[in-house]
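Input: a single structure, listed below in C-alpha cells.
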Amino acid sequence: MLTSIIARTIINLPLNILDVHTKAKQENLKFELREIAEKIQKKVQRQALSLELSPYRAHYLFTRDFNKEQKQLYIKNNCHPFKSVAIILLQAPIWISFSVAVRNICYMLPQVNTATLQDFKELTTGGFGWIKNLIDIDHYFILPSLFGLSNLAILEINQVLFHVKDSKFSRIYKNFCRVLIIGFVPLMACLPSCLSLFWVTNNCCAIVYNLLLLSPKVRRLGKIPKTDSELRRPYTELYKRLLEKLYLKKFLA
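Be aware that the sequence shown starts at 2, since it is given in the numbering used here, and climbs by one per residue.
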C-alpha cells in the first residue's frame, strides 16, 4: 500500500503534470492553427480554380498541408500529441510489473524458498482492516466495489481535467470504459485481497492527484499554462456533474 502511494507520487504525478502541461499548450495553439487553416484553405481554393482540381483532390491537399504545418507547430512548441501516448506507454509496464510482483508474493513464485515463504506468511497474518488474510479474497466484496467506483470516478474527473468535448465518439468511448470497468469488478473479487488493495490504493492516489491538477493554483504552481477552457471553480463543476449522474438535477437550481 505504501509502495503504491510512493510510486504514484514519484513516478506518475510528474508524468501527469507533464501530460496536462502538453495538452494545455496544444489548446493555446488553436487560434494559431485556425489562422493556418484559413491560409491553407485560400491557397487550395486558388489551386483548385487554376488547376481545375476535383473536390476530393482539393480536400487531400488541404489535409496534407494542414497536418504538416500542425506537426511543425507542435514540435516547435514541444507539445506533440505523441508525448501523451508515450506517457501512457511508459506507465503501463511499471504498474504491470507491480501487479506481477504482488501476484508472485501471493503464490510464492517463481519458486518456494525461505524469502518467498516469509513474504507469504506476512500477507496471511498481517491483514488490513476487515481482511485478516490478504491472500484470501474479500468476502465482503468491499475492495472490488471500491475498485470499480474509483475507476469510474477517475473516468469522470479526467473528462473535466482534459476538457473532453461531448461527441458521439467520446460517449461511445466513455461507455466502453464503463462496461470494461464493471466487467473487471467480478474478476477482482476472485483475486487475492492484496491485489485488490494495491489497485484501490493506486486508484485513490490517482483521484487525489487528478483533483489537485484541477485547481488553478496548483496548475500555476506546476507551471501549466492557463487556457480558455480552464475552470475557475473546477470542484463546483465536478460536483454538479456528479449530481447530474445521480439524477439530482433539481438541486442544481
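Positions of the beta carbon are idealized from the N, C-alpha and C atoms, including for glycine.
Rounded to whole angstroms, the separation of the alpha carbons of leucine 181 and alanine 190 is 15 Å. For the segment 83-111, the continuous alpha helix (DSSP H) assignments of 4+ residues that do not extend past its boundaries occur at 83-107, in sequence order.
Beta-bridge partners of isoleucine 132 (DSSP): Phe129. Fewer than three beta-carbon pairs drawn from the segment 37-55 and the segment 10-26 are found closer than 8 Å, and the two stretches are therefore not classed as touching. For threonine 64, the enclosing alpha helix (DSSP H) covers residues 56-77. By the Cβ criterion, the segment 223-242 is in contact with the segment 199-215, since at least three pairs of Cβ atoms, one from each stretch, lie closer than 8 Å. Between phenylalanine 148 and valine 201 a beta carbon distance of about 5 Å is seen, short of the 8 Å cut, so the two are scored as contacting.
Pairing leucine 30 with leucine 62 gives a Cβ-Cβ distance that is not under 8 Å.
At a Cβ-Cβ threshold of 8 Å, leucine 135 and glycine 128 count as neighbours.
Scanning its chain for C-beta atoms nearer than 7 Å, with the 5 sequence neighbours on each side dropped, one finds no residue around proline 15. Counting only unbroken stretches of 4 or more residues, the alpha helix (DSSP H) elements lying wholly within the segment 113-199 are 115-127, 143-162, 169-190, in sequence order.
Considering only Val209, Gln71, Lys43, the residue with the shortest C-alpha distance to alanine 59 is Lys43.
C-alpha of arginine 9 to C-alpha of phenylalanine 199: approximately 12 Å in a straight line.
Counted as a single uninterrupted DSSP element, the alpha helix (DSSP H) harbouring asparagine 17 occupies residues 14-29.
Measuring C-alpha to C-alpha distances from asparagine 159 to each of Pro145, Asn204, Leu90, Lys227 identifies Asn204 as the nearest. With a threshold of 16 other beta carbon atoms within 10 Å, serine 230 falls short and is exposed.
Judged by DSSP secondary structure, threonine 4 falls within the alpha helix (DSSP H) whose first and last residues are 3-8.
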